[in-house]
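Only one structure is covered here, and it is reproduced in the block below.
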Amino acid sequence: MAAGKSIAAATGAWVVFEDEAGQSMTPPRARTWGRRGSTPVVQVRGRGSGRVSMAGMACYKSGQRSRLIYAIRECRGRKNEPKGFGWRDYRDLVIRAHEQLGGPIVLVWDNLRMHLVEPLREFFEANADWLTVFQLPTYAPDLNPQEGIWSLVKRDIGNLAAADLGQVTRAVKRKLKMLQYRPEVIDGCLVGTGLTLSE
């Protein structure tokens, strides 16, 4: 991470943390209010009838407002339908981040198998003038502020008894859109990792 901060400082780059998450029709458990002695029960239907895949980027640069860039894909379990994001989707997300941020990027992400495929490596090498990539250590979610974003999203939709997958997608989009306008919350996710942008 120290090398990534040095490169970002030297080139004026954004440090961008990427991660993926998913949400099915079964909501995450969350605390709620109920009458004393009576545990609230949320009836859920549609179990196993699709999944919402999310890819997000928490973007940081000293002196700039923190940003959140994301992509969402619904998977309804139909034949020949992609179950998640492919390498082209990750490439397009990085390109979109570069265009929106308007500067070089130091990309930090995990060792997901799709992140290591040859076409993505070729893309990184072809764009080395504005893109530097660092892999997080194996299973280190505590070092990725995007995990904090997912935690906030899941907490917000906890106990949501959605009628269909579209309702889950709308709830996820609404929360992510709200977080885009709360840079202090995105900053808080970075603080939660114990990492800093300053040397």
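198 is the number of the first residue of the sequence shown in the numbering used here; add one for each residue after it.
Don't be surprised by glycine CBs; every beta carbon is placed ideally from N, CA and C.
None of these values were measured; they are calculated from a predicted model.
Grouping DSSP H, G and I as helix and E and B as strand, with all else coil, what is S348?
-> S348: helix per DSSP, three-state reduction.
Per DSSP, the bridge partner or partners of R232 | Under DSSP, R232 forms no beta bridge with any residue.
Through-space distance from S348 to V303, alpha-carbon basis | Answer to the nearest angstrom: the Cα atoms are 23 Å apart.
Three or more C-beta pairs closer than 8 Å, one from the segment 270-285 and one from the segment 338-356: is that the case here?
-> With a cut-off of 8 Å on Cβ pairs, the segment 270-285 is not in contact with the segment 338-356, counting fewer than three such pairs.
Does DSSP put V314 in a helix, in a strand, or in coil?
-> Of the three classes helix, strand and coil, the one that applies to V314 here is coil, per DSSP.
Quick check: the segment 317-332 against the segment 356-376, are there 3 or more CB pairs under 8 Å?
-> The segment 317-332 makes no contact with the segment 356-376; the number of CB pairs closer than 8 Å stays below 3.
Just checking, does the segment 276-285 make contact with the segment 375-388 on the three C-beta pairs under 8 Å criterion?
-> By the criterion of at least three beta-carbon pairs nearer than 8 Å, the segment 276-285 is not in contact with the segment 375-388.
Which term fits E215, buried or exposed, when burial requires 16 or more other beta carbons within 10 angstroms of its beta carbon?
-> Under this definition E215 is a buried residue.
What is the rounded straight-line gap between the Cα of R310 and the Cα of L317?
-> Whole-angstrom Cα-Cα distance: 11 Å.
Backbone secondary structure at W284 - three-state DSSP | In the structure shown, W284 sits in a helix (DSSP, three-state: H, G or I).
As assigned by DSSP and simplified to three states, the class of V223 | Inspection of the sequence shows that residue 223 is occupied by Thr rather than by Val. T223: coil per DSSP, three-state reduction.
Candidates T223, C256 and S235: which alpha carbon is nearest W211's?
-> It is C256 whose Cα lies nearest to the Cα of W211.
Residues near P342 by beta carbon distance below 6 Å, same chain, minus five either side | Annotation for P342: F214, A255, C386, L387 and T390 place their beta carbon closer than 6 Å to its own, counting only its chain and skipping 5 residues before and after.
Looking only at C-alpha atoms, which of K351, P338, G231 and E296 sits nearest to L392?
-> Answer by Cα proximity: P338.
What separation, rounded to the nearest whole angstrom, lies between the Cα atoms of P301 and D307?
-> Looking at the two C-alpha atoms, the distance is approximately 20 Å.
Length of the line joining the Cα atoms of S235 and A368 = In this structure, the straight-line span from the alpha carbon of S235 to that of A368 is close to 27 Å.
Cβ distance (whole Å) where Q297 is taken to contact I346 below 8 Å = Their Cβ separation, rounded to whole angstroms, is 17 Å, which puts Q297 and I346 out of contact at 8 Å.
Run the CB neighbour count on G247, radius 10 Å, all protein chains shown included, and call it buried at 16 or more, exposed below.
-> With 16 or more other Cβ atoms inside 10 Å of its own Cβ, G247 counts as buried.
DSSP-derived helix/strand/coil call for G253 | Of the three classes helix, strand and coil, the one that applies to G253 here is strand, per DSSP.
Across which residues does DSSP place Q332 in a beta bridge pair?
-> Within the DSSP secondary-structure output, Q332 pairs in a beta bridge with W306.
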